[in-house]
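Visitor: If you scroll down you'll find the structure; I have some questions about it.
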């Protein structure tokens with residue numbers, strides 16, 4: 712009998728979304744527990760007392776935190792199902808490198824939300840440079856970052872880019888249209904069934920963030 716799997720998350724979180732996609736790719740049954748981040752539950756605080764953030768995966772009563780760590784945990788716990796990380800050690804190291812590369816650039820992306828004037832233009836150009844680097848050195852001419860099927864890098868980056876397109880709309884800037892191969896990859900990623908059913912709609916997210924920004 713499989714141990715119970717619960718995911719404490721939020722529908723407007725790219726980090727929660729990437730975990731949901733991974734669970735669905737593996738065919739793991741789970742209970743989704745929606746958290747109100749303005750009024751965090753006692754259970755969330757108990758399971759993640761250090762960062763007090765979502766997502767938290769609870770498997771057999773044991774909590775795993777931080778979305779990228781959760782992805783690796785899912786892959787290692789259900790290895791006989793859909794592989795998320797490459798089996799080859801060298802390819803696995805590259806997947807971790809590019810995921811870490813983009814993780815380190817997250818603050819550059821999100822800083823765009825509150826940027827204005829010359830600062831906004833500067834941050835847009837920095838984001839374009841980051842995406843060009845990713846496009847040239849990580850994606851190349853492949854269908855997905857890991858080859859013919861989505862994997863660790865696609866899940867880690869694709870969900871974040873879905874949210875960044877929302878920021879593009881809110882701030883009325885153009886970033887991704889300068890990166891044609893990356894755009895084509897994102898369209899393929901968005902059409903993968905488990906991704907398509909997990910990503911919240913673009914319009915819902917725009918409305919959500921506009922409300923939060925006042």
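Residue numbers (the working numbering): 712 to 925. Quick reminder that beta carbons are idealized off the backbone N, C-alpha and C, glycines included. Since the structure is predicted, the reported quantities are computational estimates derived from the model, not experimental observations.
Identify the residues that DSSP records as bridge partners of residue 744: which are they?
Guide: On the chain shown, residue 744 is found 33 positions in, with the first residue counted as 1. In the DSSP output, where bridge partners are listed per residue, residue 744 has 719.
Visitor: Within the continuous beta strand (DSSP E) that includes residue 755, where are the two ends?
Guide: Counting from 1 along the chain shown, the entry for residue 755 is found at position 44. Residue 755 -> not in any beta strand (DSSP E); alpha helix (DSSP H) instead, spanning 753 to 758.
Visitor: Locate the alpha helix (DSSP H) running through residue 843, then write down its first and last residues.
Guide: Your numbering for residue 843 matches position 132 in the chain shown. First-last of the alpha helix (DSSP H) with residue 843: 828 to 845.
Visitor: Which of helix, strand or coil does DSSP assign to residue 869?
Guide: The count along the chain shown starts at 1 and reaches residue 869 at position 158. If DSSP states are grouped into helix, strand and coil, residue 869 belongs with the helices.
Visitor: Does the Cβ of residue 895 have 16 or more other Cβ atoms within 10 Å, making it buried, or fewer, making it exposed?
Guide: If you number the chain shown from 1, residue 895 lands on position 184. Its Cβ having fewer than 16 others within 10 Å, residue 895 is exposed.
Visitor: In whole angstroms, give me the CA-to-CA distance for residue 839 and residue 771.
Guide: Against the chain shown, residue 839 aligns to sequence position 128. Against the chain shown, residue 771 aligns to sequence position 60. Roughly 42 Å between the two C-alpha positions.
Visitor: Can you tell me whether DSSP reads residue 773 as helix, strand or coil?
Guide: Locating residue 773 in the chain shown gives position 62, where the first residue counts as 1. Residue 773: strand per DSSP, three-state reduction.
Visitor: Does the CB of residue 881 have a neighbour CB from chain B at under 8 Å?
Guide: No chain B is part of this structure, which consists of one protein chain only.
Visitor: Starting from residue 785, trace the alpha helix (DSSP H) both ways and give me its first and last residue.
Guide: Taking the chain shown and counting its residues from 1, one reaches residue 785 at position 74. Its alpha helix (DSSP H) spans residues 778 to 788.
Visitor: Going by DSSP, what residues sit across from residue 767 in a beta bridge?
Guide: The sequence position of residue 767 within the chain shown is 56, counting from 1. 719 and 776.
Visitor: Got a sec? Which residues, its chain only, sit under 7 Å from residue 892 by beta carbon, not counting five neighbours each side?
Guide: Sequence index remark: in the chain shown, residue 892 carries index 181 (1-based). Same-chain partners within the cutoff: 846 and 850.
Visitor: Please check the pair residue 890 and residue 843, which I expect to be a contact at CB under 8 Å, by giving their CB distance rounded to whole angstroms.
Guide: Position 179 of the chain shown, counting from 1, holds the residue named residue 890. Position 132 of the chain shown, counting from 1, holds the residue named residue 843. Correct: roughly 6 Å between the Cβ atoms.
Visitor: Please list, in chain order, all residues of the same chain as residue 729 whose beta carbon is under 7 Å from its beta carbon, the five residues on each side excluded.
Guide: Translated into the one-based positions of the chain shown, residue 729 becomes position 18. Once the five neighbours on either side are set aside, the close Cβ partners of residue 729 are 778, 782, 866, 867 and 870.
Visitor: Below 8 Å between beta carbons: does that hold for residue 744 and residue 717?
Guide: The residue given as residue 744 occupies position 33 in the chain shown. The residue given as residue 717 occupies position 6 in the chain shown. Going by C-beta atoms, residue 744 is nearer than 8 Å to residue 717.
Visitor: Can you check whether the CB of residue 758 is closer than 8 Å to the CB of residue 719?
Guide: Residue numbering aside, residue 719 sits at position 8 when the chain shown is read from its first letter. Residue numbering aside, residue 758 sits at position 47 when the chain shown is read from its first letter. The answer is yes: Cβ separation under 8 Å.
Visitor: For the structure I just gave you, are there three or more beta carbon pairs, one from the stretch 819 to 836 and one from the stretch 871 to 889, closer than 8 Å?
Guide: Touching, per the Cβ criterion.
Visitor: In terms of alpha-carbon separation, which member of 793, 767, 817 and 798 lies closest to residue 751?
Guide: Along the chain shown, read from residue 1 onward, the residue named residue 751 stands at position 40. Here the closest residue by C-alpha is 767.
Visitor: In this structure, does DSSP put residue 855 in helix, strand or coil?
Guide: Locating residue 855 in the chain shown gives position 144, counting from the first residue. Strand.
Visitor: For my contact list, residue 796 and residue 862 are in at a C-beta cut-off of 8 Å; report their separation, rounded to the angstrom.
Guide: Locating residue 796 in the chain shown gives position 85, counting from the first residue. Locating residue 862 in the chain shown gives position 151, counting from the first residue. Confirmed, Cβ separation roughly 7 Å.
Visitor: Helix, strand or coil for residue 818 per DSSP?
Guide: To locate residue 818, count along the chain shown from 1; it is residue 107. Correct three-state label for residue 818: helix.
Visitor: According to DSSP, is residue 709 helix, strand or coil?
Guide: This structure cannot settle anything about residue 709, because the visible part of the chain is limited to 712 through 925.
Visitor: Between residue 692 and residue 754, is the Cβ-Cβ spacing less than 8 Å?
Guide: Because residue 692 is not part of the residues shown, which for the chain are 712 to 925, the question remains open.
Visitor: Where does residue 792 sit, in a helix, a strand or coil, going by DSSP?
Guide: The residue you call residue 792 lines up with position 81 of the chain shown. Coil.
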